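Visitor: Protein chains in written order, with my numbering: chain A, 743 to 829; chain B, 743 to 829. Beta carbons: idealized from backbone N, C-alpha and C, even for Gly. If you're wondering where the values come from, they're calculated on a predicted model, not measured in any experiment.
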């Protein structure tokens with residue numbers, strides 16, 4: 743929804759909706775479950791939202807890295823944390 | 743995550759985390775799936791986020807109503823839309 747919000751702000755509703763539909767075709771979407779929310783809130787992540795993202799990511803079997811613009815918020819992560827530039 | 747954000751702003755990290763953990767015990771959490779995201783983006787909802795909430799809600803078998811502070815954003819809904827005051 744953040745991605746949609748930014749797209750809509752830069753373009754318009756139709757373009758943003760088409761772009762999101764396109765993205766959904768390419769991406770594997772993780773089901774956010776109660777278990778993930780509980781793990782996130784019980785974790786050491788300072789921000790609940792960071793925890794939700796991290797524990798969603800690690801449900802993916804063959805995940806090799808987690809990409810973020812805020813590497814320092816993910817210091818306790820058990821998978822490699824990369825910035826966009828490091829991709 | 744919005745709820746956590748508001749709680750943390752009003753109290754502190756520990757209190758907010760405890761409150762969320764408590765809430766998670768009482769609430770039925772809907773798994774947000776790719777199908778829900780596609781339905782939301784293809785729907786007539788002006789805001790993608792409203793669509794995500796609505797289509798998450800209607801996956802619940804015995805749902806009787808949807809509670810919101812913005813009833814007018816859910817005009818096209820097929821289930822009763824109530825404000826908090828109408829509960």
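1) Mind checking whether residue 782 of chain A and residue 797 of chain A have CB atoms under 8 Å apart?
2) Pairs of beta-carbons, one from the stretch 767–780 of chain A and one from the stretch 794–810 of chain A, closer than 8 Å: are there three or more?
3) With 8 Å as the C-beta to C-beta threshold (strictly closer), list the residues of the stretch 782–806 of chain A near chain B in chain order.
4) By alpha-carbon positions, which one of B:780, B:758 and B:799 ends up nearest to residue 764 of chain A?
5) If the criterion is Cβ atoms closer than 8 Å, does the pair residue 801 of chain A and residue 778 of chain A meet it?
6) State the CB to CB distance for the pair residue 789 of chain B and residue 756 of chain B, rounded to an integer number of angstroms; the pair is presumed to be in contact (CB under 8 Å).
7) With 8 Å set as the bound, which would you pick, yes or no: does the beta-carbon of residue 771 of chain A sit closer than that to a beta-carbon of chain B?
8) Taking 8 Å as the limit between beta carbons, can you name the residues of its chain near residue 826 of chain B, skipping five residues before and five after?
9) Would you mind telling me which residues of chain A sit closer than 7 Å to residue 743 of chain B, beta carbon to beta carbon, in chain order?
10) For a contact meaning CB atoms closer than 7 Å, what does residue 748 of chain B contact in chain A?
11) Assign residue 768 of chain A to one of two classes, buried (16 or more other C-beta atoms within 10 Å of its C-beta) or exposed (fewer than that).
12) Who are residue 808 of chain A's beta bridge partners in DSSP?
13) Along the chain, where does the alpha helix (DSSP H) that runs through residue 776 of chain B open and close?
14) Could you check the C-alpha separation between residue 766 of chain A and residue 803 of chain A for me, to the nearest Å?
15) Using the beta-carbon count (16 or more within 10 Å), is residue 747 of chain A buried or exposed?
Guide: Based on what the coordinates show:
1) As a first step, residue 782 of chain A is located in the first chain; it is residue number 40 there, counting from the start. As a first step, residue 797 of chain A is located in the first chain; it is residue number 55 there, counting from the start. Contact flag set, yes.
2) In short, these stretches touch, since the Cβ pair count reaches three.
3) Residues are counted here when their Cβ sits less than 8 Å from a Cβ of chain B; for the stretch 782–806 of chain A these are 783, 784, 788, 790, 791 and 794, given in chain order.
4) Here residue 764 of chain A refers to the residue found at position 22 when the first chain is read from its first residue. Relative to the Cα of residue 764 of chain A, the nearest Cα in the group B:780, B:758 and B:799 belongs to B:780.
5) The residue given as residue 801 of chain A occupies position 59 in the first chain. The residue given as residue 778 of chain A occupies position 36 in the first chain. A contact, by the Cβ cut-off of 8 Å.
6) Position 47 of the second chain holds residue 789 of chain B. Position 14 of the second chain holds residue 756 of chain B. With 8 Å as the limit, residue 789 of chain B and residue 756 of chain B do not qualify as a contact, their Cβ atoms being about 33 Å apart.
7) Here the question's residue 771 of chain A lines up with position 29 in the first chain. Chain B, which has a Cβ nearer than 8 Å to the Cβ of residue 771 of chain A, makes this yes.
8) Taking the first residue of the second chain as position 1, residue 826 of chain B is located at position 84. Counting only residues of its own chain and dropping the five nearest sequence neighbours on each side, residue 826 of chain B has a CB closer than 8 Å to the CB of 809 and 811.
9) Locating residue 743 of chain B in the second chain gives position 1, counting from the first residue. Residues of chain A passing the Cβ test: 790, 791 and 794.
10) Counting from one through the second chain, the residue named residue 748 of chain B turns up at place 6. Annotation: residue 748 of chain B has no Cβ neighbours in chain A at a cutoff of 7 Å; minimum Cβ distance is about 11 Å.
11) Working through the first chain from its first residue, we reach residue 768 of chain A at position 26. With fewer than 16 other Cβ atoms within 10 Å, it is exposed.
12) For the purposes of this step, residue 808 of chain A is identified with residue 66 of the first chain, where counting begins at 1. Looking at the DSSP assignment, residue 808 of chain A forms a beta bridge with A:823.
13) Along the second chain, one-based indexing puts residue 776 of chain B at 34. It spans 776–784 - the alpha helix (DSSP H) in which residue 776 of chain B sits, taken as one unbroken run.
14) Taking the first residue of the first chain as 1, we reach residue 766 of chain A at position 24. Taking the first residue of the first chain as 1, we reach residue 803 of chain A at position 61. Between residue 766 of chain A and residue 803 of chain A, the C-alpha separation is close to 19 Å.
15) Here the question's residue 747 of chain A lines up with position 5 in the first chain. Flag for residue 747 of chain A reads exposed.
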